[in-house]
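So my numbering is basically just the index in the sequence shown, starting at one, shifted up by 27.
Just so you know, even glycine gets a beta-carbon here, dropped at the ideal spot from N, CA and C.
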Amino acid sequence: MAKGIEKRPCGTAMTDPSHSHESNTDVENVTGVMDENGVCLCTIILPDNTFPAHRMESLEVTAHNLTISVQQEIIKIHSYQKTLNIYVEKITNLTRRVEKMEGSSYTELDFQLLKLEIQEMESLILELKVSMGGSNIMVETLYEEIRSISEMVSQLEVYDKNNVLAVRREIASLRERLQECKNNQTKPPPPPSYGPPGTCDHGGLASVGRPYVVQLNYKGYSYRYGGWGKDSLLNTKNSDLYWIAPLVTDGRTAQFVRIYPTLDDLLLSRNPTDKYHSSYPGQGGGMILYNKTLYYNSFNKGDICKYDVQSNINECKTFPNAAFNNRFSYSGVSYQDIDFSGDEAGLWVIYATEESVGDIVISKLNASSLTIEKSWTTNLYKRGVSNAFMICGVLYATRTLNSLKEEIFYTYDTKTSQESRMNIVIDKMMGTVQSLSYNPNDHKLYMFNDAYEVTYDVTFKKVVPQIKKPKYFPTLKNAEITSHGI
28 MAKGIEKRPC
38 GTAMTDPSHS
48 HESNTDVENV
58 TGVMDENGVC
68 LCTIILPDNT
78 FPAHRMESLE
88 VTAHNLTISV
98 QQEIIKIHSY
108 QKTLNIYVEK
118 ITNLTRRVEK
128 MEGSSYTELD
138 FQLLKLEIQE
148 MESLILELKV
158 SMGGSNIMVE
168 TLYEEIRSIS
178 EMVSQLEVYD
188 KNNVLAVRRE
198 IASLRERLQE
208 CKNNQTKPPP
218 PPSYGPPGTC
228 DHGGLASVGR
238 PYVVQLNYKG
248 YSYRYGGWGK
258 DSLLNTKNSD
268 LYWIAPLVTD
278 GRTAQFVRIY
288 PTLDDLLLSR
298 NPTDKYHSSY
308 PGQGGGMILY
318 NKTLYYNSFN
328 KGDICKYDVQ
338 SNINECKTFP
348 NAAFNNRFSY
358 SGVSYQDIDF
368 SGDEAGLWVI
378 YATEESVGDI
388 VISKLNASSL
398 TIEKSWTTNL
408 YKRGVSNAFM
418 ICGVLYATRT
428 LNSLKEEIFY
438 TYDTKTSQES
448 RMNIVIDKMM
458 GTVQSLSYNP
468 NDHKLYMFND
478 AYEVTYDVTF
488 KKVVPQIKKP
498 KYFPTLKNAE
508 ITSHGI
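The structure is reproduced here in structure tokens:
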């Protein structure tokens, strides 16, 4: 029999069979249908009070799975709690280290280690956020603390109030140089310099001594470019007259020169005389003081100028064919296209032209009229040279080996028009040779070395006199002797 259909006598049906034995008020007579067998069939509608067992089973499975998931999440939370506690401890230690660094000395390595730890913690926190599948107040708080510490470390490194890192780097560099100086003390002393100052009774440059740092220029380390030295006029009465001409911080413009009457005045920074030639400014570090007159390249022009430091009179003149405005400057140095040099033979200009395709040209200059007396063109490309100077009419060119070494590698003799190679190593205190000149009155080189004033003693080769061979008189053999004894 189908659900909801029950065989009963025709004409009677109950709308609520569950209450048939309790009350007759719920019984209602309905008309039935007699089938072919004489059985009365009627239809009744029963309420759906059957218990949903399958739903209960599904609920039990869901509740069981949920219980397992909750237990797993509880285990994860415990694990996260342990991890977070570890992170909190790390951040606390990191904070203490940063606070300690703020109030005491520190090294560059401290910054690097801190950065590595912060990066590691940032990556771990991001992994933790992903694994938790969303944001968490504690995790977000930890992440913000890590970002705050990271910013604090970056500010400490950039701000560096006391220049601790810079000072430590400089100290390390000075220690290396001090050790190198100690090692150099074991070297044998240089041979004596042959020939008195002012003469050329020698065989050319033999060696260059160790650097002697006179001082940092009076304008400070920011003024890294310029020139300095003594009056280069041979046998001048002002042989103790020192000059310093730092360029402005653009490394190009020369507007002033400071004069000291003696070396002691220079060292003690006393009795200075400042001279300004702003009406005719110069450019580059190729200037030189010759007979109380500063010779230099005019700013933004191919002119050469002379400035009398006593009368404050300027005079400029076009220097024919010379390249300028950094066209053919020395390597590593800007705007030193025209370089002046003084030696036993007089005043010289070292430069290059378009006609020489950048090769060095040497010109003997008339100091009074600023005219060229004679010129020589070399086969040495000027941009391949770090600096140059003249001694006894011979050009000596240098090149950079590394940050602490220069090499005098090339010579050109204007007396013979012969060029040659040589190898004399010069120690440097700083990386760049801004200017280099020779003084014939004391046999010294004067270098402006990244804001420092440095000198070098030079020695010369001894001229070996050639022994004249006696004239050859042939000896006569006995057979050649005549009866007259001849």
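The closest CA to that of Asp292, considering only Arg279, Lys302, Leu268, Asp330, is found on Leu268.
Beta-bridge pairing by DSSP links Pro288 to no other residue.
When DSSP states are grouped into helix, strand and coil, Val452 belongs to the strand group. If you compare the alpha carbons of Cys419, Ile377, Tyr248 with that of Ala478, the shortest gap goes to Tyr248.
Bounds of the beta strand (DSSP E) holding Ile271 are 269–273. Here Leu431 carries a coil assignment [DSSP, helix/strand/coil]. With contact defined as three or more Cβ pairs closer than 8 Å, the segment 449–459 and the segment 428–437 are in contact. The residues Phe351, in chain order, have a CB closer than 7 Å to that of Lys328 in the same chain once the five nearest residues on each side in sequence are set aside. Here the C-alpha atom of Gln98 lies approximately 36 Å from the C-alpha atom of Leu143.
Taking a 10 Å sphere around the C-beta of Arg285, we find 16 or more other C-beta atoms and assign the residue as buried. Between Asp370 and Pro224, the CB-CB gap reaches or exceeds 8 Å.
Distance from the CA of Ile331 to the CA of Leu261, rounded to the nearest whole angstrom, comes to 21 Å. According to DSSP, residue pairing for Leu243 in a beta bridge involves Tyr479.
Annotated three-state conformation of Leu472 is strand, per DSSP. By the neighbour-count definition (other C-beta atoms within 10 Å, threshold 16), Met474 is a buried residue.
Scanning Gly359, Asn353, Tyr307 for the CA closest to the CA of Tyr334 turns up Tyr307. Residue nearest to Glu381 within the set Tyr408, Ser395, Lys471, Val360 is Tyr408 (criterion: CA-CA distance). In this structure, the beta-carbon distance from Thr486 to Lys471 does not fall below 8 Å.
Per DSSP, Met417 is one residue of the beta strand (DSSP E) stretching across 414–418. Around the beta carbon of Thr345, a 10 Å sphere encloses fewer than 16 other beta carbons of the protein chains shown; the residue is thus reported as exposed. For Asn466, the three-state secondary structure derived from DSSP is strand.
The residue among Glu480, Met61, Val490 with its C-alpha nearest the C-alpha of Pro238 is Glu480.
Annotated as distal: Ala281 and Tyr317, with beta-carbon spacing of 8 Å or more. Per the C-alpha coordinates, the member of Ser464, Arg82, Asp301 positioned closest to Trp375 is Ser464.
Rounded to the nearest whole angstrom, the C-alpha separation of Gly385 and Thr425 is 16 Å. From the listed residues Arg448, Gly312, Asn92, the smallest Cα separation to Val460 is found for Gly312.
Asn476 is classed as buried because its beta carbon has at least 16 other beta carbons within 10 Å across all chains shown. Around the beta carbon of Ala90, fewer than 16 other beta carbons sit within 10 angstroms, so the residue counts as exposed.
Rounded to the nearest whole angstrom, the CA to CA distance from Leu392 to Thr398 is 6 Å. Counting along the chain, Thr263 sits inside no beta strand (DSSP E), nor does DSSP assign it H or E at all. According to the DSSP secondary-structure assignment, Val60 is paired through a beta bridge with Leu68. Around Asp440, the same chain offers Val421 as residues with beta carbons nearer than 6 Å, after the five sequence neighbours per side are excluded. The Cβ atoms of Lys488 and Ala233 sit closer than 8 Å to each other. In the three-state DSSP reduction, Ala424 falls in the strand class (E or B). DSSP places Tyr114 in the helix class (H, G or I) of the three-state scheme. Contact check for Asp258 against Phe283 fails: the beta carbons are separated by 8 Å or more.
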